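Listed in order, the protein sequences are those of chains B and E.
Quick note on our numbering: the first sequence kicks off at -16 and runs consecutively.
Quick note on our numbering: the second sequence kicks off at -16 and runs consecutively.
Backbone N, C-alpha and C fix where the C-beta goes; we use that ideal spot for every residue, glycine too.
Only a predicted model underlies this, so the values are computations on that prediction, with no experimental measurement involved.
Take a look at the structure set out below.
Protein chains: 2
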Amino acid sequence: MSHRNQQHKAGDLHFLKRLNRSAILEMVRRTPGLTRADIAAQAQLTKATVGAGVQSLLNQGWLREGELQKSSGGRPGRALHLNEEQHVLLGAEVGVHGLRLVACTLAGQVLASHHEHLVPTTPEVTAELLGKLLHALMHEAPVKNRHCLGLGIALPGPISPGQPVLRLAPNLGWRDIRFLDLLRPHLPRLDGTWLMDNEAKSAAFGELYFRTGTIPESLMYVSAGTGIGSGMVEGSHLPLVARGIQGLAGEIGHTVLQPGGLYCHCGNRGCAETLVSGWSIRAALGIAEEEDLIETLLPRMHEPEVQVTLRRAGEALGILLLNLHHSQNPSEIVLGGSLTRLGAPLLDPALHYFQENQTRLLGTPQQVPLRVVEDATFIAARGAAAQVLASIIHGPSDLF
Amino acid sequence: MSHRNQQHKAGDLHFLKRLNRSAILEMVRRTPGLTRADIAAQAQLTKATVGAGVQSLLNQGWLREGELQKSSGGRPGRALHLNEEQHVLLGAEVGVHGLRLVACTLAGQVLASHHEHLVPTTPEVTAELLGKLLHALMHEAPVKNRHCLGLGIALPGPISPGQPVLRLAPNLGWRDIRFLDLLRPHLPRLDGTWLMDNEAKSAAFGELYFRTGTIPESLMYVSAGTGIGSGMVEGSHLPLVARGIQGLAGEIGHTVLQPGGLYCHCGNRGCAETLVSGWSIRAALGIAEEEDLIETLLPRMHEPEVQVTLRRAGEALGILLLNLHHSQNPSEIVLGGSLTRLGAPLLDPALHYFQENQTRLLGTPQQVPLRVVEDATFIAARGAAAQVLASIIHGPSDLF
DNA sequence: CCACTTTGTTTGTTCTTTTTACTAACTGAA
DNA sequence: TTCAGTTAGTAAAAAGAACAAACAAAGTGG
Chain B
-16 MSHRNQQHKA
-6 GDLHFLKRLN
4 RSAILEMVRR
14 TPGLTRADIA
24 AQAQLTKATV
34 GAGVQSLLNQ
44 GWLREGELQK
54 SSGGRPGRAL
64 HLNEEQHVLL
74 GAEVGVHGLR
84 LVACTLAGQV
94 LASHHEHLVP
104 TTPEVTAELL
114 GKLLHALMHE
124 APVKNRHCLG
134 LGIALPGPIS
144 PGQPVLRLAP
154 NLGWRDIRFL
164 DLLRPHLPRL
174 DGTWLMDNEA
184 KSAAFGELYF
194 RTGTIPESLM
204 YVSAGTGIGS
214 GMVEGSHLPL
224 VARGIQGLAG
234 EIGHTVLQPG
244 GLYCHCGNRG
254 CAETLVSGWS
264 IRAALGIAEE
274 EDLIETLLPR
284 MHEPEVQVTL
294 RRAGEALGIL
304 LLNLHHSQNP
314 SEIVLGGSLT
324 RLGAPLLDPA
334 LHYFQENQTR
344 LLGTPQQVPL
354 RVVEDATFIA
364 ARGAAAQVLA
374 SIIHGPSDLF
Chain E
-16 MSHRNQQHKA
-6 GDLHFLKRLN
4 RSAILEMVRR
14 TPGLTRADIA
24 AQAQLTKATV
34 GAGVQSLLNQ
44 GWLREGELQK
54 SSGGRPGRAL
64 HLNEEQHVLL
74 GAEVGVHGLR
84 LVACTLAGQV
94 LASHHEHLVP
104 TTPEVTAELL
114 GKLLHALMHE
124 APVKNRHCLG
134 LGIALPGPIS
144 PGQPVLRLAP
154 NLGWRDIRFL
164 DLLRPHLPRL
174 DGTWLMDNEA
184 KSAAFGELYF
194 RTGTIPESLM
204 YVSAGTGIGS
214 GMVEGSHLPL
224 VARGIQGLAG
234 EIGHTVLQPG
244 GLYCHCGNRG
254 CAETLVSGWS
264 IRAALGIAEE
274 EDLIETLLPR
284 MHEPEVQVTL
294 RRAGEALGIL
304 LLNLHHSQNP
314 SEIVLGGSLT
324 RLGAPLLDPA
334 LHYFQENQTR
344 LLGTPQQVPL
354 RVVEDATFIA
364 ARGAAAQVLA
374 SIIHGPSDLF
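This is the structure we're talking about:
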């Protein structure tokens, strides 16, 4: 994705109006139930400006009016909410073990979802299947009859910044794939915003963007699956995903934790992925690729060999988390990915190391919250859908 | 520093005007010699709007008109430049071994500078001395009679985001110091913008901000001195420094490179600083704190023990650089700090490891440029001055 | 010398927010 | 019940900023 404006930012009157409409919509999205007066106070705009902006957003179906609020000695305000009936956002994740699809509302509520197992195959075959599944999803009852705002795809590898190219997906065996171009012929009638992004970055974005109430200043999502990657999203106002000049930001699986350690598939030695990742655990325990790693391991958790392997991986994960803390210091860390299903034997050593060491430097009790996701299945797909919405609200298009 | 606006961003007409004035000024700053027509084309504004904005910036002394440009078949445009005669920016770095002060123009040209050696002492004594030196600097010939826009201070430790508190400076023995408050009584007549930031972050900012021509999308400055820290600045439009929720972003000296390794002063084991930093080199070679590390080592570079120590430190530095590449992927890395004076024995292993491994993952020839600073003496101080200018141009104040 | 091109300014228009005044709707006390 | 006080939202005129178009200025090139 990325709506980077390389040129220097100046603005005309149209830009200003759009900015204010975006601000109003974002405020209502993040704090459902705000009144016009609340918005005017928070945004430092006059009641008249807010009133006009709200009116046009109501007319276009982005907002709806709710109930009257309790009065505090004067005329009660009218609550404003997102109109969640009219639009739908599509998101999909192409994972190593399958496809995950979601259709969700403007607030991120999942209307329909689908999880299709799939062994790695060519981009073309994957795109065709995904196209069919998305087509089917769009015709399910709760999705049908809604206007689709666009489609976001999350992919397991670095994306070229500025152009929709998946540079590399080692666990799929893909390289330099323009996945949207492959998908488009299978969904000729789906218009709106199309975008693609790295899986962990989409997940990070969605975890921050679809949250209501107090929004953290930044959030880092760590995705531990076949490989290990991360996404950092920053800025409570307009959340931006850090991509890096080659899209390599967040490739923490290839940060070196053990100089002179095992060889990684990237050719370097001692990468984090050689210590903690689906494939390193497989390698350590001799589990074949055909078997589902998690399903194979869950019944074997009592075995000492498994426990030792997972504890070592967990310790490496803890170091990885601490290193992220000391190099980027996110407001919050969210840990997801399929490996989280392995539970305590993997996670306890990681969490313990992180908690133990994160406050050493400053010596204050203030802790950075680290949350382990309960069910990571649709997080990246939902995050990609969130990115679609954000690019419409903040992007250059005049869709609203 | 940090002019973070927590609230949601909307704007009025005044804001729009200011935005456009900022854009014009920034464009001229970054590309000296632009004409009004160039600006109008690049910024997507009309000639009339640009003309009015330029006129007011000329009247206020921020810009000056230069020579006529070569005609390309029509009326030649009038080149615009920053007016560097009127203002001065002050910057200072409080380092472990002394104070560095600069006074520079809007374009970052150093008008006067001073380097004062000083053994670590209390914040109060340091502030008093710095106040005197700054006072003297302001009365040097090239600085005198200029209007001072403000003062930026770079400090060797993490700063609380949002408030001007140095949380910790282990190598000075300071903790929770409101340094600006200590300094202010000694410079009662210096008004303008006062700010403080971490030394590596100031340096990173200055390295990007005072560059003209093509600006990298992001830049990471790695400062290798008594400790080791980094600063990441992103956004070619409005460059922002990543700080993190506790100001710990960039504390790469405490990322763990060697699990179970040596104990660090932070209490954890295997931190990067135990492998590469001024203090770890001292420890490895038994050099007392009273001696100047670099001056002591330079005559001893032929000794095998020194060579081995520096090579090992260099290898760790290379890993650190590669880890930054794979976790944040800056457009450019700049390596500075006093240790760079040790030259090839330290730097060659680092650069070699980095060049060798940075393209493994994507397999493309595209390299991220890594530049070693020739003279890092005033880089952080000058960067702090740059931050003053940026906070005036982009910040909330109405100074221009 | 003249047609043509490009720069920069002037003038009046358009667009957006602001100001001010007003209506609406509720609280609480007389 | 009434009425002063308070807060929410709207309407119309006013102000401010950018815009469009015409124009003046200053070159080029035949």
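Only residues of its own chain outside the window of five on either side were considered, and among them G44, W45, L46, R47 have a CB closer than 7 Å to the CB of E:N66, listed in chain order. Out of B:R252, B:L325, B:E273, the CA that lies nearest to the CA of B:M284 is found in B:L325. The beta carbon of B:F(-2) sits closer than 9 Å to some beta carbon of chain E. The beta carbon of E:A95 is closer than 6 Å to those of A86, L120, E123, P125, V126 in its chain, skipping five residues each way along the sequence.
For the 9 Å CB-CB criterion, B:V289 and B:A207 do not form a contact. Listed along the chain, the chain B residues whose CB falls inside 7 Å of the CB of E:H237 are H309, L344. Excluding the 5 residues flanking it on each side, E:V355 has same chain C-beta neighbours closer than 7 Å at L318, T323, L330, in chain order.
Neighbours of E:N3 in chain B, taken as residues at a C-beta separation under 8 Å, are given in chain order as A(-7), G(-6). The beta carbon of B:E190 does not come within 9 Å of any beta carbon belonging to chain E, so the residue lies off that interface.
At a cut-off of 9 Å between C-beta atoms, E:V108 does not count as an interface residue with respect to chain B.
In the structure shown, the three-state DSSP call for B:S185 is helix.
Using a Cβ-Cβ distance cut-off of 8 Å, the region 188 to 198 of chain B and the region 75 to 83 of chain B are not in contact, since fewer than three pairs of beta carbons, one from each stretch, lie closer than that value. With respect to chain B, the C-beta atom of E:L353 has no partner C-beta closer than 9 Å. Identification of residues in the region 148 to 159 of chain B having a C-beta nearer than 9 Å to some C-beta of chain E yields R150, L151, P153, R158, given in sequence order.
When C-alpha distances from E:E217 are compared across B:Q341, B:H64, B:L223, the shortest belongs to B:L223. Put simply, the backbone Cα of E:L41 is about 24 Å away from that of E:L134.
Within the model, the alpha-carbon separation for E:H248 versus B:P144 is close to 39 Å.
For E:D275, the number of other beta carbons within 10 angstroms of its own is below 16, and it is reported as exposed. Sixteen is the threshold: when 16 or more other Cβ atoms of the shown chains lie within 10 Å of the Cβ of B:R12, as they do, the residue is buried. In this structure, the alpha-carbon of B:D(-5) lies about 48 Å from that of E:P106.
Under the three-state reduction of DSSP output, E:I228 falls in the coil class, being neither helix nor strand. B:G210 and B:G261 have their alpha carbons spaced roughly 6 Å apart. Annotation: the continuous alpha helix (DSSP H) that includes E:R4 extends over -4 to 13.
When Cβ-Cβ separations below 9 Å define contact, E:G378 makes no contact with chain B. With a threshold of 9 Å between beta carbons, E:R226 makes contact with chain B. If you draw a straight line from the Cα of E:I198 to the Cα of E:M10, it comes to about 12 Å. For B:F337 and B:V205, the gap between their C-alpha atoms comes out near 14 Å.
For B:M179, DSSP records a beta bridge to B:I136.
Boundaries of the alpha helix (DSSP H) harbouring E:G261: 261 to 268, taken from the DSSP string.
Against chain B, the CB of E:L221 has a partner CB under 9 Å away; the residue lies at that interface.
Under the DSSP definition of a beta bridge, B:M284 lacks any partner. Residue contact check for E:N181 against chain B: no CB pair falls below 9 Å.
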